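Residue numbers (the numbering used here), protein chains in the order written: chain X, 7 to 531; chain S, 16 to 334; chain W, 276 to 602.
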């Protein structure tokens, strides 16, 4: 009820005020899944949260660190296992209460709790303690040189507010739970929620008492966020001037948008790589026609499949030049990325056939490819193209393309033998990739490793990364791990995605490599 | 409804005069004097033949991924591709498939789904309608109540429901083969009520007529009476409904593709082609949408017009 | 009369029970709820505990009974996607769909009747035949394509009408309406046409057929013979007799309008229950799917029941065959 009265008040207010207000009408394909900032580790959810809540550190639109709720941070002198964060003073939440060290301790503990989707980013933290009101120490289980990188999507909540509203436990989203914090917000961010109907419309207005008022552009005073699922409708809305900014312009419509008077397209490489995963761990797999053995367990087969993929053709036709062919599953932004490895993919159908024959699959085999159709740029088209390319080397592929909500459980539950996955790296470090995609699937790590690959040596090296302080040695280990990953052809890399934001001329912004616009940086001409 | 039972009188006639008699019948007279019906019939015939003989007509086999060259993608109709130099009569789609061949093969799937679904609906509907009308009593009550339940759900919801459940119970590895069969089942099951209602209505009227009573008296079995005496009388309305249902089924398949429960993109139906084509509406590759959409329109419109004419022709009161 | 009503209500209840069974079965077949609810790091203990909490260890019949008991109270649990009570979400979204259905229904009814009369009176006229053929084009293309074409022409090329959403809405009690603002009304135009087109064709053809039937009735012939003007015959006598079945069929069609709204709402990002349902399907949000099914069937069954009652009240003879026209 309260929300509705606010909405009615807003309707009156917008008709009355006008003039100086700059409203940004923003659309993208999907909506945030929840307002609880720790309940989902997912792009659109974080993007909305970034307008309302703030982490200690953020990344600006170039990907560089920028101080947010912490003013500076450094490892503690004399104790490499501790990071010290000095907090910004004079910051208040939307409800007027002060932001203090207590809140940081509370928020990190909350993000480490059972239902949190963020806990995998915080595994190295053993304790968070408030030294005084504006100083916090993070204790890690060994030196963790890249801790700050893990905190850029870790939002700070008001302890008093959260506790008073019984929202200390993170919303159990899979359990279909609702909490006060999943439908209400109280952040320190530049915008606050005026009204929200999930999947329909979210209205945000500028936070008048924002600490960064004089520091940032903050031209936008109101944001109207509407998810528009159907791509054609979304583009039509931009073309007809009904929205000012859309995040996902379909690649085929870039020309049309750019050619329309008053509209601009801005493009930048995204911090996300698209690849295929293969079940190599099982003795025999279900989705193939080979009895008694698993063709994917043979590295020659995996290499042959990789060699059959013509990444340039995919780039040219399916992606309309909006991709960067990949040879490794790390985006170039990431520490550990290697230019030679990333250029290592070659298309060689004859060579691939020879490898297949060598492995005893000269006549090929058939297998099912599971693919999302609403997650990545032209995901279904890429998979379809791959079906044709793999057919050239005798691999008959049945394509099973379905919505992401049905696709991802297949990977998580080991129900797919050949699948598409995309991976973004918010920490900008290879360790994040290894933890999720290379380490043996287990309690703390490897949750997205659907390949069944398990290499104890490699696992040990991956674990050691978390506490290696000598950056040079650490980078060497990272390189070692990548070398094995490449040799084993653990994944079939396809490309790095390119982001395309479409906007009216009055919107001034650069494209952020993580596809998370932070509207406080936006200029409105 | 108005024609006397066709079977006995005509079967005994000698062949040449039979054709002549058909040609000179009221029915054909009406057809010969309805230009719209003639054009529609020709269009439908051409399209169905094109679909049936697609493997012979189509220059490419779009369902064989090994023959595709992605670099041929987005070739405009009649122009040579900038990279490969290949030329395609109606251009190529986003995967480099020849649009002309894909339409032929896609139409095959659409027609197959449409015909099978209508056949299924007809089989269920006519059988249940006959039984309900002839037997009456509690059998009739049960059948007609089921029909009511079915009517409560709009066809598209029923189809989505069946698709959802089928997806839930079939193992992942069979899902892509099952799509077509589930479509048939879904559309067929959501469409039988019309048949049942009409057949039941006609049966109620016919079963009290003298010739049925006579057949009963000479000891014909129920089954044989239903099959040989009542069934021929319900064929006209059934034919009309079947025709219109065919158009509806083809459109329903297209709609379901848009909702993500249709034929897989690697073996597209006309509906899937339109769903894919509409993504290129703003970008200037008009041929990917236009040709499949025009084909679907021509097909469905002709079938509808035929059905329209058929209804009037078989119902002389409206002439 | 009373006996008939009781029998009819009992039948409707039975229909709902069956639909409820289907909806409930979805919970069991479309993915294991336990799989959905527990994450990667679950233990067997967790699974057992949750199974017990949810009552999944009990016999099927008991579970079904519990489901019905909750459903009757409007309690469908929480949406997996939104984490809010499903009933709340449905109520929030329903006005959008009902307003759209209402406008499309009205459009279909008025347009259909007008065109139907015209084509019946001018049975052999060229215009009437063109209308008859053209109306078939509308039903020979899938709805989603018509919607997108309308967006392309009227939003993108001409810039006259909005391409998505409801425009500005006003909240009256628990009901959000788009009828009171200019942008709200503008936003209604394209979706209403898209949704109403199919029904309009149906109604037009129905009116035409009924009119033609009535026009050849004896009393019309007598009227004509008595020298009553054509206009008076067409409208006072023929139309009056045509409208009863037409309005009934339209009433019954209201249900399919709401169901077909699924497609229109997806194309126009119209925030109604149809879009909610599609999102639920994509997200495997079973509580929402089940609740939507139940809601739709309650709606249809009620409409059916009311229509039947009216028929019974007006003319018991008509009852048996009311939809057997095969139109």
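We put the beta carbon where it would ideally sit given N, CA and C, even for glycine.
Note that the coordinates shown come from a computational prediction; the quantities given were computed from them, not determined experimentally.
- Going by beta carbons, residue 114/S and residue 261/S fall outside the 8 Å limit.
- Boundaries of the alpha helix (DSSP H) around residue 474/W: 457-490.
- Look at the region 276-299 of chain S: the residues with a C-beta under 8 Å from a C-beta of chain X are 279, 280, 281, 293, 294, 295, 296, 297, 298 and 299.
- Chain W has a Cβ within less than 8 Å of the Cβ of residue 248/X.
- Taking 8 Å as the threshold, the shortest C-beta distance from residue 460/W to chain X does not fall below it.
- The region 150-157 of chain S and the region 297-308 of chain S do not touch, with fewer than three beta-carbon pairs separated by less than 8 Å.
- The residues 305, 308, 309 and 312, in chain order, have a CB closer than 7 Å to that of residue 495/X in the same chain once the five nearest residues on each side in sequence are set aside.
- In terms of beta-carbon proximity, residue 159/X stays away from the interface with chain S, with every pair separated by 8 Å or more.
- In this structure, the straight-line span from the alpha carbon of residue 531/X to that of residue 249/X is close to 16 Å.
- The three-state reading of DSSP puts residue 516/W in helix, counting H, G and I together.
- Pairing residue 319/X with residue 416/X, the inter-Cα distance amounts to about 28 Å.
- Against chain X, a Cβ distance below 8 Å from residue 426/W picks out 238, 239 and 242.
- Ranked by how close their Cα comes to the Cα of residue 517/W, the residues 504/W, 503/W, 498/W and 488/W have 488/W in first place.
- The alpha-carbon separation between residue 161/S and residue 176/S amounts to approximately 17 Å.
- Residues of chain X whose Cβ lies closer than 7 Å to the Cβ of residue 89/S are, in chain order, 323.
- DSSP places residue 103/X in the coil class of the three-state scheme, outside both helix and strand.
- Residue 475/W and residue 421/W have their alpha carbons spaced roughly 14 Å apart.
- With a cutoff of 8 Å on beta-carbon distance, residue 287/X and residue 460/X are scored as near each other.
- Put simply, the CB of residue 393/X is near chain S, with a gap under 8 Å to one of its CB atoms.
- Contact check for residue 436/W against residue 461/W passes: the beta carbons are separated by less than 8 Å.
- For a cut-off of 8 Å, the C-beta gap from residue 192/X to residue 140/X is around 20 Å, too long to register as a contact.
- Among the CB atoms of chain S, none fall inside 8 Å of the CB of residue 381/X.
- Under the three-state reduction of DSSP output, residue 70/S falls in the helix class.
- Residue 334/X sits in coil when the DSSP states are folded into three classes, being neither helix nor strand.
- The C-alpha of residue 285/W lies about 27 Å from the C-alpha of residue 174/S.
- Against chain W, the beta carbon of residue 188/X has neighbours under 9 Å at 357, 358 and 359, listed in chain order.
- Membership of residue 306/X in the alpha helix (DSSP H) is indicated by the continuous run 305-314.
- The C-alpha of residue 222/X is placed about 43 Å away from the C-alpha of residue 447/X.
- Note on geometry: alpha-carbon atoms of residue 68/S and residue 127/S lie some 13 Å from one another.
- Judged by beta-carbon spacing, residue 376/W lies beyond the 8 Å limit of residue 522/W, meaning their Cβ atoms are not closer than that value.
- Unbroken beta strand (DSSP E) runs of no fewer than 3 residues, entirely contained in the region 224-279 of chain X, are found at 228-233, following chain order.
- For residue 285/X, the closest alpha carbon among the candidates 135/X, 275/X, 419/X and 516/X is that of 419/X.
- One finds 414, 415, 416 and 417 in chain W with Cβ atoms closer than 8 Å to the Cβ of residue 266/S, taken in chain order.
- Per DSSP, reduced to three states, the secondary structure at residue 91/S is coil, with no helix or strand assignment.
- For residue 259/X, at least one C-beta of chain S is nearer than 8 Å to its own C-beta.
- Residue 214/S carries a helical assignment under DSSP once its states are collapsed to helix, strand and coil.
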